[in-house]
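K.L.:
Quick one: this structure, given as structure tokens, is what I'll be asking you about.
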Amino acid sequence: MTAKPPLFQFDNSYARELPGFYVAWEGAKVPAPELVLLNRPLAEDLGLDANQLETAEGAAIFTGAEKPAGASPLAQVYAGHQFGGFSPQLGDGRAILIGEVIDSKGRRCDIHLKGSGPTPFSRGGDGKAVVGPVLREYILGEAMHALGIPTTRALAAATTGETVFREGPKPGAVLTRVAASHLRVGTFQFFAARGETGKLCQLADYAIARHDPDLAEAENKYLTLYSRVVERQASLIANWMLVGFIHGVMNTDNTTISGETIDYGPCAFMEAYDPETVFSSIDTGGRYAYGRQPMMAQWNLARLAETLLALIEPDDVDRAVDRVTGELKRFPELYQGFWLEGMRAKLGLATREDGDLELIETLLAAMRRQKVDYTLLFRRLANVTSGPAESARTLFQESGPFDSWLEDWRARLAKEGCAPEEIGKRMNLCNPVYIPRNHKVEEALGAAETGDYEPVKKLLTVLAAPFEERPGLEDYAMPAPDDFGAYRTYCGT
Ligand code: AMP
Ligand code: MG
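Numbering (this note's numbering), first residue to last: 46 to 538.
Okay, structure coming up:
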């Protein structure tokens, strides 16, 4: 008899190369592992056999109860600024990295379990997760991926058969998440706060090998690594802003070196356009409001800069400060550049004209005053490039400001030298018709808590093709009904 091939072809660089950066740790045993969702296309991209994973063995692995062959499970250590206050010791308190695989494009990916039981970093927490927040992260992450935004992704969701207490008894669950890496600003902060420069250097070299291998032999490689992280974050946050995504917990431990969105907790998509929008119940001061996200990302990048000073100019701190500050100062311009290009595309503009920013700002100001649904308006504008404007106009309570803006926009479109239908088509490729609408997410999660996963599956199918309008899905494209009320999200920890 030939031996069964292993489910995962692990190659665990973090475990191998970074002793002292983690604690080897295994998931907790659980009473009744059950696989509720498997992301088959992602499994295939990762070179995994989806059929082999849809088994009792797969369910046990995806709850952390069983260690797959070749895994080196571990809890990573990190620190982080949470809502502005520094916690020198965070780390994976309810998660483990089980190993790394190389995907079909040759990219190294972390396979990580969230909710797999307590670790030495649990700080009094139970180390568990519950089905609602697990599926929320699954849905939001897949939606972001389909929108073309760098993100960690969900490979599987499994229930444990345990009852976990949050605001009441809830079904316990574990999310299996795939990431380019779990290196965070907070990982650097942990070693910087302890003055462990040797380890910082090792960490920065590991980050370069993993995310910017072209820098390995570069002069000033640590400064250039920093500059790359600044660019990736500027692009990422511009992407968030362009789709109306609000992360909700932009702490430095949730800010990646890879530039992927990570840790979908109390995040949600904005409906009515308003830069002050906050959904998270714990963000009482509005620190991470929609409109403050670029500024907060820059703040987080300043914290990363502080950790790298000793690597950049070991003998001259003042010079190191000057150099990182020079990079950090590029953030607003980089961000604005990405955002403006994205906004132009949303408005069907492939060329650049001086008045474009003003044109965009005039529209946003009218939308804000009249609480216009952000996603719906941009989607409907594609129909308005030439034909009747009614579908967009009805989103404004008072049509005057929109009509005068429309005249300016159409005059600007005329300079594109392109048929209006063509412009409409390309707008539809960047203005989603379907986003994870808050009431739809809640409806699906409510059903899942009672054991009915069909609404979650349906929502995932809708969100997998966000730019492709399909008959029968009209209610997925509409904002929450008035009786849904003001939306609040919870961390779900
Ligand atoms: P988060 O808000 O999910 O980014 O988590 C912040 C920190 O709290 C991380 O160190 C987590 O591992 C930890 N944490 C969150 N929830 C729990 C939990 N239920 N048990 C133990 N640690 C947790
Ligand atoms: Mg986190």
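C-beta atoms are modelled at their ideal positions from N, C-alpha and C, and glycine is treated no differently.
For Asp-448, which residues of its own chain have a beta-carbon under 8 Å away from its beta-carbon, when the five flanking residues on both sides are left out?
P.N.:
The residue labelled residue 448 in the question sits at position 403 within the sequence shown. Within the same chain, Asp-448 has close Cβ partners Ala-434 and Arg-438.
K.L.:
Kindly identify the DSSP beta-bridge partner or partners of Pro-216.
P.N.:
Along the sequence shown, one-based indexing puts residue 216 at 171. In DSSP, Pro-216 forms a bridge with Thr-208.
K.L.:
By the DSSP assignment, the alpha helix (DSSP H) with Ala-5 in it spans what residues?
P.N.:
Outside the shown range of the chain (46 to 538) lies residue 5, about which nothing can therefore be said.
K.L.:
Going by DSSP, what residues sit across from Leu-142 in a beta bridge?
P.N.:
The residue labelled residue 142 in the question sits at position 97 within the sequence shown. Leu-142 pairs with Leu-119 and His-157.
K.L.:
Is Asp-56 a contact residue of the ligand MG, with contact defined as CB to any heavy atom under 7 Å?
P.N.:
To locate residue 56, count along the sequence shown from 1; it is residue 11. No.
K.L.:
Can Asp-308 be considered in contact with the ligand AMP, in the sense that its beta carbon sits closer than 7 Å to one or more heavy atoms?
P.N.:
To locate residue 308, count along the sequence shown from 1; it is residue 263. At least one heavy atom of the ligand AMP is nearer than 7 Å to the Cβ of Asp-308, so yes.
K.L.:
Cβ of Asp-298 within 7 Å of any heavy atom in the ligand ZN?
P.N.:
The model depicted lacks the ligand ZN and carries the ligand AMP and the ligand MG instead.
K.L.:
May I ask you to report which of helix, strand or coil DSSP gives Arg-515?
P.N.:
By 1-based counting over the sequence shown, the position of residue 515 is 470. Reduced to three states, the DSSP call for Arg-515 is coil.
K.L.:
From what residue to what residue does the beta strand (DSSP E) around His-126 run?
P.N.:
For the purposes of this step, residue 126 is taken as residue 81 along the sequence shown, with counting starting at 1. Counting along the chain, the beta strand (DSSP E) containing His-126 begins and ends at 125-127.
K.L.:
Please classify Asp-360 as buried or exposed, where buried requires at least 16 other C-beta atoms within 10 Å of its C-beta.
P.N.:
Indexing the sequence shown from 1 puts residue 360 at position 315. Under this definition Asp-360 is an exposed residue.
K.L.:
Would you report the Cα separation of Leu-80 and Ala-101, rounded to the nearest angstrom?
P.N.:
Locating residue 80 in the sequence shown gives position 35, where the first residue counts as 1. Locating residue 101 in the sequence shown gives position 56, where the first residue counts as 1. Straight-line Cα distance between these residues: approximately 8 Å.
K.L.:
Mapping DSSP to helix, strand and coil, what is Ile-480?
P.N.:
Here residue 480 is taken as the residue at index 435 of the sequence shown, counted from 1. Of the three classes helix, strand and coil, the one that applies to Ile-480 here is coil, per DSSP.
K.L.:
Mind checking whether the beta-carbon of Gly-530 lies closer than 7 Å to any heavy atom of the ligand AMP?
P.N.:
For this step, residue 530 is matched to residue 485 along the sequence shown. No, the beta carbon of Gly-530 sits no closer than 7 Å to any heavy atom of the ligand AMP.
K.L.:
Helix, strand or coil for Thr-100 per DSSP?
P.N.:
The count along the sequence shown starts at 1 and reaches residue 100 at position 55. Coil at Thr-100, not helix or strand.
K.L.:
Pick out whichever of Gly-169, Leu-185 and Gly-160 has its Cα sitting closest to the Cα of Val-176.
P.N.:
Taking the first residue of the sequence shown as position 1, residue 176 is located at position 131. Ranking the options by Cα distance to Val-176, first place goes to Gly-160.
K.L.:
Return the chain-ordered list of same chain residues with a C-beta closer than 7 Å to the C-beta of Asn-473, the five sequence neighbours on each side being excluded.
P.N.:
The residue you call residue 473 lines up with position 428 of the sequence shown. Around Asn-473: Ala-427 and Phe-512.
K.L.:
Can you name the residues that DSSP bridges to Leu-82?
P.N.:
If you number the sequence shown from 1, residue 82 lands on position 37. DSSP output for Leu-82 lists Ala-202 as bridge partner(s).
K.L.:
What residue from Gly-103, Leu-91, Leu-63 and Pro-76 has the CA that sits closest to Gln-121's CA?
P.N.:
Numbered from 1 along the sequence shown, position 76 holds the residue referred to as residue 121. Among Gly-103, Leu-91, Leu-63 and Pro-76, the Cα nearest to that of Gln-121 is on Leu-63.
K.L.:
Do you know offhand how far Ile-8's Cα is from Arg-368's?
P.N.:
The displayed coordinates of the chain run from 46 to 538. Any statement about residue 8 would go beyond what the structure contains.
K.L.:
In the DSSP assignment, find the alpha helix (DSSP H) that holds Gly-243 and state where it starts and stops.
P.N.:
Taking the sequence shown and counting its residues from 1, the one referred to as residue 243 is at position 198. Segment 242-256, the alpha helix (DSSP H) holding Gly-243.
K.L.:
Counting beta carbon pairs with one atom in the region 66-83 and one in the region 124-131, are three or more of them shorter than 8 Å?
P.N.:
Verdict: no, contact absent.
K.L.:
For Tyr-67, which three-state DSSP category applies?
P.N.:
What you label residue 67 is simply residue 22 of the sequence shown in a count that begins at 1. Note: Tyr-67 maps to strand in three-state DSSP.
K.L.:
CB of Gly-177 to nearest heavy atom of the ligand AMP: below 7 Å?
P.N.:
The residue given as residue 177 occupies position 132 in the sequence shown. No, the beta carbon of Gly-177 sits no closer than 7 Å to any heavy atom of the ligand AMP.
K.L.:
Rounded to a whole number of angstroms, what is the C-alpha to C-alpha distance between Leu-185 and Val-362?
P.N.:
As a first step, residue 185 is located in the sequence shown; it is residue number 140 there, counting from the start. As a first step, residue 362 is located in the sequence shown; it is residue number 317 there, counting from the start. Leu-185 and Val-362: Cα-Cα distance of roughly 42 Å.
K.L.:
Could you give the residue range of the alpha helix (DSSP H) that holds Ser-132?
P.N.:
Residue mapping note: residue 132 aligns to position 87 of the sequence shown, counting from 1. From DSSP, Ser-132 is part of no alpha helix (DSSP H) but of the beta strand (DSSP E) over 130-132.
K.L.:
Confirm, please, whether the CB-CB distance from Ile-480 to Thr-430 is below 8 Å.
P.N.:
If you number the sequence shown from 1, residue 430 lands on position 385. If you number the sequence shown from 1, residue 480 lands on position 435. Contact: no.
K.L.:
So what's Ile-147 in DSSP terms, helix, strand or just coil?
P.N.:
By 1-based counting over the sequence shown, the position of residue 147 is 102. Three-state result, Ile-147: strand.
K.L.:
For Thr-269, which three-state DSSP category applies?
P.N.:
The residue you call residue 269 lines up with position 224 of the sequence shown. Three-state result, Thr-269: helix.
K.L.:
Could you say which of Glu-443, His-256, Arg-222 and Ser-444 lies nearest to Val-274 if we only look at CA atoms?
P.N.:
What you label residue 274 is simply residue 229 of the sequence shown in a count that begins at 1. It is His-256.
K.L.:
For Leu-135, tell me which candidate among Arg-457, Glu-276 and Arg-168 has the shortest Cα-Cα distance.
P.N.:
For the purposes of this step, residue 135 is taken as residue 90 along the sequence shown, with counting starting at 1. Considering only alpha carbons, the answer is Arg-168.
K.L.:
So, do the region 50-64 and the region 109-117 have three or more beta carbon pairs nearer to each other than 8 Å?
P.N.:
With the cut-off at 8 Å, the region 50-64 and the region 109-117 touch.
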